Amino acid sequence: MTQKNTVPQWVNDAIIYQIFPDRFANGDPSNDPIDVVPWGSRPTRTNFFGGDLKGIIDHVDYLKALGVNCLYLTPIFEAPSNHRYDTKDYFQVDRMLGTTDTLKALTQALHNREMRIILDGVFAHVSDEFPAFKDVLERGAASPYAQWFLIDSYPIRKHPKPSYRACGGLASMPRLNVANAEVHELLCKVGEYWIETADIDGWRLDMAWEVPHEAWSKFSARVRDVKADAFLLGEFWGDATPWLGRGKLDSSTNYLWRDAVFRFFVNQCTDAQTFVREIQALRELYGPHGPTMVNLLGSHDTPRLMTICRQNSAKAIQALAILLTDIGVPLIYYGDEVGLTGGNDPGCRKSMPWGSDTWNRKVYEASRVLINLRRRHPALRRGDLEVILAEGRILAFVRQYEGDTVLAAFNAGFQWEDFSIKLPETLNACGEVWRSSPEISLDEASGRGAEFRVKLPPQGVLIMASRWRGPCWKRV
Ligand code: CA
């Protein structure tokens, strides 16, 4: 039986922007903690910058102009840490970020602009300040919540080593017993509550592999009862196929795609033929889910794109270009669009620079153009993909959808490349052309349907698209 993709339709057109709320923008200094550090300070594992939901509301127009249309916020519920992956209360917005009303205002501001929002659901573990865990600490095996956790021995101790299972062995983050039916009920209630209360559009599910399929099935059914087109995106670092499908999760973070992209475009250790083979193997693996897998170049858990590219702007732009032209839903980690740098956590969690004089203008301009190109061209969001050239360091492909055509050509090498490509009949030479650098030449003398001669510098990207006629953004 052919498997069908049951993912909400809007996801095909999504361009996701990930925000780490403490670091995006501080819109309300009155909710800052006493020990807040100045914006732009060096991030540590424990410091707070004072970013909040009001700060995001203040920058919704920036995001709209950038062209993204779905925000993903890392956790916003009450928690002791700056990352908030250690939940204390799933039903309370952390007061340093705002209130339920601020979240409602943010959702409304986004929906007014035909943008959506998904929140981070962290169910594999909680904070040691989580009330049910505190009760177990107090009452031991007699606590009605004893079965919610994975206790190895009583009496419970935190030090020197926790006598219960904990995330990364950290006493402050006890693992939830996700096989327990009451815990399933908690997941479902949280999933429903924020859709009903704040009208969010779905969930990104942290460490989704830790939670049994049965729990995700219940969660999926309950959440879709309150919002039929809610998007459920699981965090996975490897093959996510067992978790995807009807009645399960919709999509997964596609770190495998990122690995292949970095091998070819950034580390330059594979050739174009190998890259195409690797990407095709991933598409075969994901089958009908391929077009809605969430491709990304980085997140709060990886070094930043610009740092991985050793601050080579052309490389970063080329990586952004493949992200925004390939099959799969692109996710942009806040700040990558302005060339923010940073190594692994906590380096990758710097505060967003809002003085545009500190931005990498080349990266920002390219990001804005590429994102908006994807928005204007259904071929890039819904089209198929045909590789027309994969030789050595050169890759070129064509995407088509209902008469809309886009061609993308890349030189991932160390020297200029001079090659010919035959344009598809549907690609008119008077359409749009984007060059990653002005020195890129395209001999367009011979006109429609003919051979074109392209000269691309190292890390050069050329994109040609049909003349755009349709609306900028059609809500499906
Ligand atoms: Ca604040």
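If you're matching positions, the sequence shown starts at 196 in the working numbering and goes up one per residue. Using N, Cα and C, we set each Cβ at its ideal position, and we do this for glycine too. Here the structure is a predicted model, which is why all the values come from computation and not from measurement.
Closest in alpha carbon position to Asp-401, among Ala-319, Phe-414, Asn-462, is Ala-319. In the structure shown, Ala-574 falls within a helical segment according to DSSP collapsed to helix, strand and coil.
Taking the Cβ of Asn-226 as the reference point, at least one heavy atom of ligand 1 falls within a distance shorter than 6 Å.
Under the DSSP assignment, Pro-326 falls in the alpha helix (DSSP H) whose first and last residues are 326 to 334.
Taking the CA atoms as reference points, Glu-634 sits about 37 Å from Glu-479. In terms of Cβ geometry, Arg-218 and Phe-244 form a close pair [threshold 7 Å]. Gly-250 sits away from Asn-226, with the two beta carbons spaced by 7 Å or more. Under DSSP, Leu-444 forms a beta bridge with Leu-439.
Residue range 295 to 307 is occupied by the alpha helix (DSSP H) that includes Leu-301. Within the same chain, and ignoring the five residues on either side of Ser-631 in sequence, the residues whose Cβ sits closer than 8 Å to its Cβ are Ala-509, Ile-512, Gln-513, Ala-516, Ala-561, Gln-654, Gly-655, Val-656, Leu-657. Going by beta carbons, Leu-268 and Pro-216 fall inside the 7 Å limit.
Here DSSP, grouped into helix, strand and coil, assigns Asn-449 to strand.
With contacts defined by Cβ atoms closer than 7 Å, Phe-325 and Lys-299 do not form a contacting pair.
Within the model, the alpha-carbon separation for Leu-477 versus Val-231 is close to 44 Å. Of the other Cβ atoms in all chains shown, fewer than 16 fall within 10 Å of the Cβ of Glu-581; this residue is therefore exposed.
Under DSSP, His-495 forms no beta bridge with any residue. Between Pro-369 and Asp-296, the C-beta spacing is not below 7 Å. Beta-bridge pairing by DSSP links Thr-600 to Gln-595. Annotated three-state conformation of Asp-256 is helix, per DSSP. Taking all protein chains shown into account, Phe-457 has 16 or more neighbouring C-beta atoms within 10 Å of its C-beta and is therefore buried. Of all C-beta pairs linking the stretch 251 to 267 to the stretch 563 to 582, three or more are shorter than 8 Å, placing the two stretches in contact. In this structure, Trp-411 sits near Leu-444, with a CB-CB distance shorter than 7 Å. Taking 6 Å as the cut-off, the C-beta of Asn-277 does not count as close to any heavy atom of ligand 1. Each residue's CA atom was taken as its position, placing Gln-213 and Gly-386 some 19 Å apart.
Closest in alpha carbon position to Val-373, among Ile-503, Gly-364, Cys-383, Ser-367, is Cys-383.
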